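*Asks:* For the sequence shown, our numbering assigns the number -17 to the initial residue and increments by one for each residue that follows.
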Amino acid sequence: MCVSPVVGLTTIEYSFDKVRAGGVLGSIHVVYPTPSSTRVTIEADIDMRALNMTQVHALHPSCGHHIKEYKWYLVVNEMGMVPIVGFLDKCDHLDLDRAPIIPSTLALLAESDEPATCASKKDRLWATDDGRHNVNLSHQLGRLVVEDGRIAQAWQNVSFPAYGHVTPRWSIVLHAVCGDTSPPVVCAQVDFELKVTNRVQEAHSLLGVAAFVVASSLLLFLT
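1. Quick one: what does DSSP say residue 42 is sitting in, helix, strand or coil?
2. Report yes if the CB atom of residue 49 is closer than 8 Å to the CB atom of residue 136, and no otherwise.
3. Compute the beta-carbon to beta-carbon distance between residue 120 and residue 54, rounded to the nearest angstrom, for a pair I have assumed lies under 8 Å.
4. Buried or exposed: residue 171, going by 16 or more other Cβ atoms within 10 Å of its Cβ?
5. Determine the burial state of residue 43: buried for a count of at least 16 other Cβ atoms within 10 Å of its Cβ, exposed for fewer.
6. Since I believe residue 133 is in contact with residue -4 (beta carbons under 8 Å), could you give me their beta-carbon distance rounded to a whole number of angstroms?
7. Please go through the same chain and pick out, in chain order, the residues whose beta-carbon is closer than 6 Å to the beta-carbon of residue 123, but skip the five residues on each side of it.
8. Note down, in chain order, each residue of its chain lying with its Cβ closer than 7 Å to the Cβ of residue 1, except the 5 sequence neighbours on either side.
9. Of the residues 6, 19, 45, which one's Cα is nearest the Cα of residue 131?
Dropping the structure here:
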């Protein structure tokens, strides 16, 4: 997942890596008007056309040849290993039997939108025995629907934990709707380190360009 500030907006991107996510490509953007806001816009743009259905059928025979809907969950994982972009059994760290499920992100938020300190709010909302919750986004926003091999949906004014609460251990996992079952199929990671690395590289590049310009100007002046 990448973090990108855009003219006052802060966007967190949960990305699906095609190589590691069974052919799934795309992202889910959570857009904050301000970093402290608990009301966001969510945009899903996911290409499911290359999903490796051979492996899906091998592990979950109840799934049809074309999965039309997905349940989706925000996983608030405050402990343990940082999850990676995954596919099928690689998403077992999101096993719904291992952590409590919250119906919606509304349950993660205080009754009022009054700002609170990050520490106190997290202690109050997310304290659990294993330090993890699964939030049923399908219950709050509806299922992700596949049309012509793609998921393209958006929601506005959605209650959501503030940007400052998100950690590299947060994920989004998609569960295929296969009759009476809904097995996990693919998950996306949160990756702050990659963005930080990119920013450092960009800063170094800018410094290099600036140094070159200054040196060139000085050389022209001296000659």
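Where is the CB? At the ideal position from N, CA and C, for every residue including glycine. The structure presented is a predicted model; accordingly, all values stated were derived computationally and were not measured.
*Replies:* Looking at the coordinates:
1. Coil, per DSSP.
2. In this structure, residue 136 does not lie closer than 8 Å to residue 49 by Cβ.
3. Residue 120 to residue 54, Cβ: 6 Å. Contact.
4. Flag for residue 171 reads buried.
5. Exposed, by the Cβ-count rule.
6. Between residue -4 and residue 133 the beta-carbon gap is near 13 Å, outside 8 Å, which marks them as no contact.
7. Around residue 123: 137.
8. Excluding residues within five positions, none has a Cβ falling inside 7 Å.
9. Measuring from the Cα of residue 131, the nearest candidate turns out to be 6.
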